[in-house]
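Here's the structure we're looking at; comments come further down.
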Amino acid sequence: MPLDLNDHHFKPQTQAAFMTRDLTEQNLAIVDAHIKGEGRDPSSVMSLYADDIVLDMPTRGITLRGKAAIEANYRRMFGAMELISMTPIERFATFDRVIDDCVARFKLVREGFDNAPYPIGSTIDLRLLHVFHMKDGKIARETVFEGWTRID
């Protein structure tokens, strides 16, 4: 049976599907820009966050509120490591969430990675599972689950 594109039952579902796909693609692009920019220039990604952003890193017992606190943390954290590699595993999105799974390999070279479970000088494989809550084209909440493995 051919689809009737003028059928009122077809159009709303199709429009909703297109809107959801557009939001999903937008959310993926926002998170991609965030992941690529946070370590290079933390100030460049602050506009991707909602004003009342909360960043939660439960593995290390850290919760940050607001862009200023998050930017300061990024400057300390990324300044304390020498990134060796970043390996994406999977990223997917819905209309209000993005999940990003990756592994960062780095060496801790100085103080600044708050509550790191290994000492300066350690080489780490850090499995990161990011859960981004999206609202109005911004990251409204970011939860980062970490799995630390010392490899040296």
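So the sequence shown is numbered by UniProt numbering: it starts at 1 and just counts up by one. Yeah, the Cβ is synthetic: ideal placement off N, Cα and C, and Gly gets one too.
Checklist entry - Which two residues bound the contiguous beta strand (DSSP E) that contains SER122? => result Taken as a continuous stretch (DSSP letters only), SER122 belongs to no beta strand (DSSP E), as it is neither H nor E.
Checklist entry - Of the residues ASP101, GLY121, LEU108, LYS138, which one's Cα is nearest the Cα of HIS130? => result ASP101
Item to check | Identity of the residue in ALA80, THR143, GLY79, TYR49 nearest ALA68 by Cα | outcome: TYR49
Next on the checklist: How far does the beta strand (DSSP E) with GLU71 in it extend, from its first residue to its last?
Outcome noted: Here GLU71 belongs to no beta strand (DSSP E); instead the alpha helix (DSSP H) covers 67–79.
Next on the checklist: Let me check understanding here. Comparing Cα to Cα, which of ASP96, PHE95, ASP114, PHE106 lies closest to THR87?
Outcome noted: PHE106
Next on the checklist: Within 8 Å, do at least three Cβ pairs link the region 77–91 to the region 49–60?
Outcome noted: Fewer than three beta-carbon pairs drawn from the region 49–60 and the region 77–91 are found closer than 8 Å, and the two stretches are therefore not classed as touching.
Checklist entry - When you compare only the Cα positions, how much space is there between GLY37 and SER44? => result 7 Å
Checklist entry - Taking Cβ to Cβ, would you say ALA140 is nearer than 9 Å to GLY112? => result no
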